[in-house]
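Take a look at the structure set out below.
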Amino acid sequence: MAKELTMEAVLRDDETLPGQLRELIEAAVVDRATDIHVDPVGEQVRVCFRIDGVVQLKQRLGREEGRHLLNQIKVASKFGTDRVLKPLESRIRWRRREDGTDFHFRVTLVPTSEAEAAHLRVLNSPRSMVEVDQLGFSQAQLAKVRRAMSQPEGLVLISGPTGAGKTMTMYSLLSLLDLENSVGISIEDPVEYNMPCLRQIQVNDRQGLSMHSGLSAILRMDPDIIMVGETRDSRSAVTVAHAASSGRFVLSTIHARDTATAIDMMHYYSVPRHVLGNALRMVVAQDLVRRLCPNCKRERKLRQGEAKLFEAVGVEAPSRVAEPVGCPKCGNYGYLGRIGVFQVTKVDEALAAAVTEGKKTQVLRHLIEARGDSSLTSDAYDKVARGITSLQEVGSLYGMATGNPGQ
Ligand SMILES: [Zn+2]
């Protein structure tokens, strides 16, 4: 089905946004939600927020009230109240009255078997921009990151699954560069944050502005720094690698689990091995874990058998770990916000040679881990040892037994 795209932002302030929708948006901002889902389910309309990566039911509305809310979303997005017959996309920009802060939402409306559903993605709540030392890097990782970012050229890849915070990390890393005294251009889909001194180009496939055509145009604009929202096709991957091996600093995200698979993906995208070996400077692989609420987390002694979990990934077992409790500050959830877990891999001569030789993923992974770089799992357990997150959280992410929950 053809996707109807109208990307212009509709600015609303407190006064012009209709009441029910305004209350919903305000609640989402207060709850730090990243997504709002409005779905008809039987006779009701269910409103859910995604908070810290977990979908939570916010309210159930009756049929009339729910339809009213959906109509307000459609009108605010510049669509009429006619029934949605095909996917529609728009944006709403809402200015909070108290402090003049702008919040951007991408609105998607789709017809469903029941009626129609709406999804609002919070694109850039102001708190989303995080300083690089707040992302969750260890001191050693941070030093490596800063060194790689101080080089004049090369490719830096940020890899991870969907929703792992790659884009946030990319913007944070970009803020380490001297954008004021260089030409920095980005191609993004969508532009999620406005970066000062960066010329940001938004992909618009309908108008013929694809990731690759945008990238080609950027290369003719004499850039020093190029940011590519996501490398997700062969032509872009090859262009990215060539640009980085010919004097440009290129930063991009890629959908891959860890450093070795990110390199594998670039091979899969037909990037010539010697070009990749020559261009690649650093890979930052990441995931997100929930951070224990500092207000209510509770310490307990390590239980029998739990020390082994740490030792298995090369982390010294702590004597105590923290676990979630729940309080009003965290919505009784026990967790408040998320923090990155990282594998930061500097591409040294040995690794560059292995990439150029086209070594297999497993060989690359062994090579990386033999250097003593932390894996994502060991970094996650390190964050448990430091009381930042819990064994339950890390165990559920990395599929490991975490002691006896019944005790
Ligand atoms: Zn709490």
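Following the numbering used here, the residues of the sequence shown are numbered contiguously, the last one being 407. For each residue, glycine too, the CB sits at the ideal point set by N, CA and C.
- Residues whose Cβ lies closer than 5 Å to any heavy atom of ligand 1, listed in chain order: 293, 295, 296, 327, 329 and 330.
- Only residues of its own chain outside the window of five on either side were considered, and among them 234 and 237 have a CB closer than 6 Å to the CB of residue 269, listed in chain order.
- Across the structure, residue 189 and residue 174 are spaced so that their CA atoms are roughly 17 Å apart.
- By the 16-neighbour rule on beta-carbons within 10 angstroms, residue 338 is buried.
- In this structure, the straight-line span from the alpha carbon of residue 362 to that of residue 261 is close to 9 Å.
- The DSSP-derived three-state label of residue 328 is helix.
- Separation of residue 305 and residue 371 (C-alpha to C-alpha, rounded to the nearest whole angstrom) is 28 Å.
- When 223, 252 and 302 are compared, the shortest CA-CA separation from residue 180 is found for 223.
- As computed with DSSP, residue 51 is found in a beta bridge with 33 and 54.
- Pairing residue 359 with residue 163, the inter-Cα distance amounts to about 29 Å.
- Judged by beta-carbon spacing, residue 253 lies within the 8 Å limit of residue 167, meaning their Cβ atoms are closer than that value.
- Approximately 5 Å separates the beta-carbon atoms of residue 156 and residue 282; this is inside 8 Å, confirming the contact.
- Taking the Cα of residue 161 as reference, the smallest distance to any Cα among 245, 294, 53 and 184 is reached at 53.
- Annotated three-state conformation of residue 24 is helix, per DSSP.
- With a threshold of 16 other beta carbon atoms within 10 Å, residue 221 falls short and is exposed.
- In terms of CA proximity to residue 122, 107 leads the group 107, 133 and 130.
- Nearest to residue 118 by alpha-carbon distance, out of 31, 41 and 169, is 41.
- By the neighbour-count criterion, in which a residue is buried when 16 or more other Cβ atoms sit within 10 angstroms of its Cβ, residue 91 is buried.
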